[in-house]
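If you're matching positions, the sequence shown starts at 1 in UniProt numbering and goes up one per residue. Note that beta-carbon positions come from the ideal geometry of N, C-alpha and C, so glycine has one too.
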Amino acid sequence: MFQKNKNAKRELIAKILRQGRSLRGQNISLKYIIDSEYSSSFVFIVSAKIIKSAVSRNKIKRRGRVIISKLLPRVKKDYSALIFFEKGSLEMKFSELEIEITKLLQKAGVLN
């Protein structure tokens, strides 16, 4: 599981939203920033407007956390990112979700 210091703080989230660079996949969006002030951290966001069921939102976030925990050894230092899941991500298989997240992180230059 993630350590407490890996969880992004509110200021970091606000900073990423203001200054971050954006990338879009088919069903996932990524907003990231390089900041040496914080260690690498990831936040998963699923809007209640897009997916009504809390159970479904939590399921997608859990899948995202598992995928990122697998990729964590390859993540470069000082990268922080927000990962936004859209409605289509609910129907995706785990392997498809993993491929899409990996592609976005590679495109952003987050992975070694």
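Looking at the backbone, the Cα of V66 and that of S89 are separated by about 15 angstroms. DSSP places I99 inside the alpha helix (DSSP H), whose first and last residues are F94 to A108. The Cβ atoms of K87 and I28 do not sit closer than 7 angstroms to each other. In this structure, L104 sits away from L12, with a CB-CB distance that is not shorter than 7 angstroms. By the neighbour-count definition (other C-beta atoms within 10 Å, threshold 16), L97 is a buried residue. Given a length threshold of 4 residues, each whole run of the alpha helix (DSSP H) inside the region 3-34 is given here in chain order: 10-19. Sorting G109, F84, V75 and K61 by C-alpha distance to the C-alpha of S40 places V75 at the top. Beyond the five residues adjoining it in sequence on each side, I34 comes within less than 7 angstroms, by CB distance, of D78 and Y79 in the same chain, given in chain order.
Taking C-beta atoms under 8 angstroms as the contact rule, I83 and G64 qualify, at a distance of about 6 angstroms. Annotated as distal: K31 and I45, with beta-carbon spacing of 7 angstroms or more.
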